[in-house]
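In full-length UniProt numbering, the protein residues as written are 1 to 916.
Some notes on the structure that comes next.
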């Protein structure tokens with residue numbers, strides 16, 4: 001590198017023949033020697049960088065040209081058939097093959113010998129003149145040359161610098177309140193108001209409804225309340241009547257879920273409807289955050305509560321959160337079936353109070369459910385503010401009609417605000433109010449938060465974190481989808497497609513259709529799909545593809561799926577497909593046909609190819625034509641511990657951008673949630689010696705430990721807890737602090753003699769466990785390495801008809817196995833194990849275990865050597881079992897819970913092998 005002209009001569013002399021020289025020129029022009037050819041140049045302001053190459057005359061040297069044809073696998077053979085010459089230019093026309101071929105081929109020949117004389121020429125454009133040796137670029141003598149868009153150049157993968165700042169923030173506001181340092185802001189459902197068309201989920205002109213807030217006063221007191229956005233100052237202003245102290249038992253995050261929902265519910269039921277104890281109440285949409293608040297208040301008044309939901313998942317949520325509500329008092333509000341049910345339940349009398357948010361026929365049916373002297377409260381800005389009428393017949397029964405909205409909270413008189421404030425305060429004091437669940441977004445994710453908050457099907461509160469160190473918080477910026485559309489996923493591996501479905505479900509997608517070559521779904525994948533529906537209300541439909549060879553077939557299939565899902569197609573995710581075309585099923589050529597067919601869908605926002613090199617050219621072309629396109633390829637995907645679901649977290653940073661490169665190649669170390677192997681083992685000579693001493697002195701497979709319980713012999717009706725320890729040291733010594741805090745009888749499970757496999761060892765332990773317990777519910781706690789043994793013990797017990805409850809502490813299967821595999825990365829398992837445990841840098845060449853132990857431990861005393869040798873051999877046997885462990889096919893039926901430490905940037909939703 002030269003940046004001064006006076007150093008130019010010395011720089012040229014230092015560069016060898018065919019070497020490179022980088023020159024930095026500032027406000028000047030330098031006279032260069034003729035044997036330097038310009039390779040590339042770039043101007044930055046008044047500074048120009050020029051890359052030169054030093055060449056020598058090629059007098060008498062011969063050059064040849066070969067035009068490569070056929071598949072890429074034959075190119076090398078074609079080249080080697082050409083008689084050796086000084087320079088061989090291998091020319092390939094790539095118009096139909098795609099740019100990804102370049103990377104594939106160059107990677108394949110990296111270690112190939114005897115190709116130093118070959119120069120590769122890849123032509124991407126159509127209708128170009130025949131290649132000749134007179135081309136100017138030949139003087140540069142570069143190994144790789146690419147002709148694209150009418151110019152000669154090169155091609156390489158550039159690092160992508162991710163800018164996590166959203167390019168299109170929907171709302172920007174000052175989140176600080178006077179004298180209050182806010183921590184969380186709560187957004188409220190249906191607060192987006194299109195002034196021309198009423199309530200809408202589309203973002204045109206947005207008005208921010210009153211928001212919940214929580215934070216600290218300058219005095220340090222924790223406070224929560226309601227604030228409004230002042231558009232003139234773009235700041236939030238609080239109402240002094242709508243502020244409450246946060247109870248000590250609540251977090252600030254929990255507190256931010258309370259103010260607006262309970263203020264609305266209290267205003268509607270207590271102040272407007274004047275609810276009386278023992279009355280009957282109908283609360284529509286009881287699953288949402290305001291419905292939950294209303295139900296809580298009604299139950300506190302000992303009322304008979306009826307409510308409506310959209311689906312079975314919401315019904316399950318209601319029954320779990322409010323067990324006081326009878327199952328036959330929960331109705332589906334679609335249609336008017338709830339009207340018949342309520343009138344039958346009440347003997348035709350109807351209910352006394354209705355909190356309504358339905359429109360159209362639902363509004364009319366609700367009005368008919370109101371009994372004599374009933375009170376009808378219309379919630380939010382619904383049909384009552386539009387042109388539809390209810391009819392005067394409703395008032396013939398001496399009924400009352402009133403409305404409650406976000407705006408009405410601000411318009412209450414000071415006297416009524418005081419009443420509302422006092423009522424909420426008393427409910428908090430009496431532990432009636434229960435904070436709701438929440439989803440937290442960072443300040444930079446406000447657009448996604450707004451979109452998520454508008455989803456009326458959610459049962460959780462959407463919160464914005466307003467802390468100053470938001471950039472350093474654990475809240476990552478994620479892609480959030482509009483829940484009204486559906487996504488298509490397809491690939492040869494159904495498990496990968498389900499992983500994509502889970503990734504989408506975590507980001508708000510409510511319907512995913514998987515195209516599969518088979519409709520046979522394995523049991524563990526059926527379980528995953530069921531959990532996505534239960535936890536995220538995301539429906540996953542697997543559709544078998546029969547024939548999809550023509551564009552018309554693909555288009556017809558996509559139209560049929562759109563009809564099935566009753567919504568717009570928002571995205572397509574394509575995973576690795578079979579390489580060879582075939583009449584039926586999914587093949588690699590389907591990518592091109594999906595490209596053509598998808599252009600017919602104007603609703604499509606994302607066309608994403610994962611792990612597919614042969615999609616690069618298609619995505620490049622789509623990008624140039626203005627269609628959505630993204631191809632992401634991980635270089636580490638072939639590694640045994642590659643985790644697609646974890647690695648997909650990087651898509652968040654891409655899909656939230658309005659513009660991104662169509663092809664991204666990611667070269668990352670896939671640490672996932674796999675911790676250092678040292679966390680599984682005893683570390684240090686002293687720890688190993690104590691472990692060995694414990695193994696030598698104890699021959700009991702089960703040892704009862706001291707706990708808060710009087711012991712298993714005294715309280716024989718209480719099922720004990722069996723602790724299956726790891727390998728960090730003497731089991732009872734390590735587990736003593738835990739055991740002393742538990743109310744149950746505690747047994748520490750000890751492996752006196754490891755068997756050949758995890759299953760065989762578990763079988764021995766089951767016999768000893770059953771000898772200590774005759775109650776058919778077994779409580780098993782697996783710690784670290786003991787997690788694998790614990791799962792197999794549970795499978796064996798359940799196979800005998802027993803019931804199990806399992807808790808794993810840092811003992812997930814994938815975590816354990818991948819961590820253990822690191823001991824064998826270079827094929828020297830024994831040496832790596834000893835080096836890790838004893839914290840030494842061993843370089844001994846002995847592979848036999850006994851010989852290796854003797855050499856490593858030769859300087860220890862006899863007794864210490866015996867202890868350390870026993871412990872190391874025991875640990876070696878256990879780690880070998882773990883490496884060879886393969887979970888049985890039968891899923892565990894009992895409850896399985898996992899407690900684990902979360903590493904930085906880790907996907908907290910990874911199942912780490914628990915669903916195998």
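C-beta atoms are modelled at their ideal positions from N, C-alpha and C, and glycine is treated no differently.
Query, Result
"With burial defined as no fewer than 16 other Cβ atoms inside 10 Å of the residue's Cβ, what is the status of residue 917: buried or exposed?", "Summary: the structure shown does not reach residue 917, with the chain confined to residues 1 through 916, and so no result is reported for it."
"Taking just the CA atoms, how far does residue 147 sit from residue 109?", "21 Å"
"Could you check if residue 921 is buried or exposed, using at least 16 other CB atoms within 10 Å of its CB as the buried criterion?", "Residue 921 falls outside the range modelled here, since the chain spans only 1 to 916, and no answer is possible."
"DSSP state of residue 328, grouped into three classes?", "helix"
"State the Cα-Cα distance for the pair residue 196 and residue 378, rounded to the nearest angstrom.", "Reliability of the predicted coordinates at residue 196 is poor, the pLDDT of 30 falling under 50, and no value is obtained from them."
"Would you kindly report the start and end of the unbroken alpha helix (DSSP H) that includes residue 591?", "590-598"
"Keeping to the same chain, check which residues put their C-beta closer than 6 Å to that of residue 631; ignore five residues upstream and five downstream.", "609, 615, 616, 619, 663"
"Scan the stretch 7-82 and note each continuous alpha helix (DSSP H) run of 4 residues or more that stays entirely inside, going in chain order.", "8-14, 75-81"
"Look up residue 353 in the DSSP assignment and give the residues it is bridged to.", "281, 375"
"Going straight from the alpha carbon of residue 650 to that of residue 644, what length do you get?", "11 Å"
"So within the stretch 100-125, which uninterrupted beta strand (DSSP E) runs reach at least 3 residues, ignoring any that extend past its ends?", "118-123"
"Can you name, in chain order, every residue of its own chain whose Cβ lies under 7 Å from the Cβ of residue 695, other than the five neighbours on each side?", "870, 871, 874"
"Using a Cβ-Cβ cutoff of less than 6 Å, which residues in the same chain neighbour residue 314 once the five nearest sequence positions on both sides are dropped?", "287"
"Between which residues of its own chain and residue 648 is the CB-CB distance below 7 Å, once the five residues before and five after are set aside?", "503"
"For residue 400, which beta-bridge partners are listed by DSSP?", "375"
"Do you know whose CA, among 23, 124, 494, lies nearest residue 576's CA?", "494"
"How about residue 51: is its Cβ closer than 7 Å to a heavy atom in the ligand FAD?", "With respect to the ligand FAD, the structure shown offers nothing to examine, as it has no ligands at all."
"In the structure shown, what three-state DSSP assignment does residue 812 receive?", "coil"
"Quick check on DSSP: helix, strand or coil for residue 145?", "strand"
"Please list the terminal residues of the continuous beta strand (DSSP E) segment that includes residue 213.", "211-217"
"Ends of the beta strand (DSSP E) at residue 131?", "That residue, residue 131, is in no beta strand (DSSP E); it is neither H nor E in DSSP."
"Taking the runs of the beta strand (DSSP E) that are 3 residues or longer, which of them lie wholly in the stretch 725-794?", "746-749, 777-783"
"I'd like to confirm the pairing. Which residues does DSSP put opposite residue 872 in its beta bridges?", "DSSP output for residue 872 lists no bridge partner at all."
"In whole angstroms, what is the alpha-carbon distance linking residue 302 and residue 369?", "20 Å"
"Is there contact here, the stretch 232-251 with the stretch 347-367, by at least three beta-carbon pairs under 8 Å?", "no"
"Quick check on residue 392: buried or exposed, where buried means 16 or more other Cβ atoms within 10 Å of its Cβ?", "exposed"
"Please report how far the alpha carbon of residue 836 lies from the alpha carbon of residue 820, in whole angstroms.", "11 Å"
"For residue 625, report the span of its beta strand (DSSP E) as first-last.", "That residue, residue 625, is in no beta strand (DSSP E); its alpha helix (DSSP H) goes 616-625."
"From what residue to what residue does the alpha helix (DSSP H) around residue 692 run?", "685-697"
"Tell me whether residue 44 is buried or exposed, calling it buried when 16 or more other Cβ atoms sit within 10 Å of its Cβ.", "exposed"
"For residue 917, collect the residues of the same chain with a Cβ closer than 8 Å to its Cβ; drop the 5 residues on either side in sequence, then sort them by chain order.", "The requested residue 917 does not occur in the structure, where the chain is confined to residues 1 to 916."
"From the DSSP output, in three-state form, read off residue 701 for me.", "coil"
"Taking just the CA atoms, how far does residue 267 sit from residue 186?", "19 Å"
"Give me the Cα-Cα distance between residue 142 and residue 86, rounded to the nearest whole angstrom.", "14 Å"
"Where does residue 179 land, buried or exposed, given buried means 16+ other C-beta within 10 angstroms?", "exposed"
"Short of 8 Å in beta carbon distance, which residues of its chain neighbour residue 877, apart from the five on each side in sequence? Order them along the chain.", "754"
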